[in-house]
Structures are given as C-alpha cells and as structure tokens.
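Visitor:
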Amino acid sequence: MIMLYGSQQDYDVLAGRPGHTPAWSAGDVAAMHAFMTEWNDDLVKSGEFVDAQGLTAPVHARRIRLREGVPVVTDGPYAETEEVLAGYTIVECDSFDRATEIAARLARTPYPEGAALAHEWYVDVRPIAESQAELEL
Numbered sequence: 009m010i011m012l013y014g015s016q017q018d019y020d021v022l023a024g025r026p027g028h029t030p031a032w033s034a035g036d037v038a039a040m041h042a043f044m045t046e047w048n049d050d051l052v053k054s055g056e057f058v059d060a061q062g063l064t065a066p067v068h069a070r071r072i073r074l075r076e077g078v079p080v081v082t083d084g085p086y087a088e089t090e091e092v093l094a095g096y097t098i099v100e101c102d103s104f105d106r107a108t109e110i111a112a113r114l115a116r117t118p119y120p121e122g123a124a125l126a127h128e129w130y131v132d133v134r135p136i137a138e139s140q141a142e143l144e145l
C-alpha cells in the first residue's frame, strides 16, 4: 500500500481558499490531477493497480479515543496533527523494491512554481499483511 499524506492546509490551498499562498490556479490543480491520472493509468496498464482512494479533508474526520474505558468522539481537524492520510493506492507487483519505485514517481507531482510546501513531502510504502504470521515481527 502506498500511503499519501497531506494537511488541512494542503486541502485548503488546493481548494483555493483565501489566505493561503500561493493559491493553486485551476491550471495547477488540473496539472496535478493529470499527473495522478497518468500515474494510475500506467499502473492499470502494467497490471499492478489494485485500488486507490482519496480521502476527504481532515476537517471531516472524527477521532475516537478511550478515556477511562469510555469512547470519546472529537470532530476534526486536529490542531496537534500536521499531517494525515490523504489517500492510498494498493499495487500488486513483483517486489517491495518495485512498489518503492512506483511510489517514488510521485515525487514528480507538479505544484505551482515558487510554492513552499507546508511540510516535508513523503509517502509511505508498506506491505499488506495476508496472514496472522505476517503481523508478527
């Protein structure tokens, strides 16, 4: 699974909400979507694509924590959380190295010239456990 991360600020910038600089133009957003479409299409053509989903902004999230054995629900976003899971892609490929190579292509995702990223960009790649034994260290 290739996990992509973002922040509420990233979602706000992409949505063109005022007060976020530089704002992404419609062309910037279109270029990013075109890049992601091509990345996904390449995986479908190679037979490595399994599934992919984007997630809504953190403002729509709910966190459930146990406090003294009782579940407590908090609506997002969470000020203490800079980055959240923004989406994922599941691939089925020959090796962990190949999955890493696929994920590394995302470093070429376009963004507006001169834009400062709100946080260090990264994606995580992790194998999906197919058995109880794989969950154990």
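Under this note's numbering, the residue at position 117 of the sequence shown is numbered 125, and the numbers go up by one with no gaps. Where is the CB? At the ideal position from N, CA and C, for every residue including glycine. The structure displayed is predicted, hence computed values, not measured ones.
If you draw a straight line from the alpha carbon of arginine 70 to that of aspartate 49, how long is it in whole angstroms?
Guide: As a position in the sequence shown, residue 70 is number 62, starting the count at 1. As a position in the sequence shown, residue 49 is number 41, starting the count at 1. About 32 Å.
Visitor: Would you say alanine 94 and glutamine 16 are within 8 Å of each other, going by their C-beta atoms?
Guide: The residue given as residue 94 occupies position 86 in the sequence shown. The residue given as residue 16 occupies position 8 in the sequence shown. The answer is no: Cβ separation not under 8 Å.
Visitor: From arginine 106 to glycine 35, what does the alpha carbon distance come to, in whole angstroms?
Guide: Here residue 106 refers to the residue found at position 98 of the sequence shown. Here residue 35 refers to the residue found at position 27 of the sequence shown. Approximately 31 Å between the Cα atoms of the pair.
Visitor: Within the stretch 57 to 102, note down every full alpha helix (DSSP H) run reaching 4 residues or more, in order along the chain.
Guide: Listed in chain order, nothing qualifies, since the stretch 57 to 102 has no complete alpha helix (DSSP H) run of 4 or more residues.
Visitor: Identify whether methionine 11 lies in helix, strand or coil by the three-state DSSP scheme.
Guide: Counting from 1 along the sequence shown, the entry for residue 11 is found at position 3. It is a strand residue.
Visitor: Quick check on the burial criterion: 16 or more other C-beta atoms within 10 angstroms. Buried or exposed for isoleucine 110?
Guide: Residue mapping note: residue 110 aligns to position 102 of the sequence shown, counting from 1. Label assigned to isoleucine 110: buried.
Visitor: Please return the same chain residues whose Cβ sits closer than 7 Å to the Cβ of aspartate 83, not counting the five positions on each side in sequence.
Guide: Here residue 83 refers to the residue found at position 75 of the sequence shown. Counting only Cβ-Cβ distances below 7 Å, and skipping sequence neighbours, we find Arg70.
Visitor: Short of 8 Å in beta carbon distance, which residues of its chain neighbour glutamate 142, apart from the five on each side in sequence? Order them along the chain.
Guide: In the sequence shown, residue 142 corresponds to position 134, counting from 1. Within the same chain, glutamate 142 has close Cβ partners Pro135.
Visitor: Residues bridged to aspartate 36 by DSSP?
Guide: The residue labelled residue 36 in the question sits at position 28 within the sequence shown. In DSSP, aspartate 36 forms no bridge with anything.
Visitor: Measuring straight from C-alpha to C-alpha, what distance separates serine 103 and alanine 42?
Guide: The count along the sequence shown starts at 1 and reaches residue 103 at position 95. The count along the sequence shown starts at 1 and reaches residue 42 at position 34. Approximately 27 Å between the Cα atoms of the pair.
Visitor: Using C-beta distances below 6 Å, list every residue in its chain close to arginine 73, excluding the 5 sequence neighbours before and after it, in chain order.
Guide: On the sequence shown, residue 73 is found 65 positions in, with the first residue counted as 1. So the list reads Val80, once near-sequence residues are dropped.
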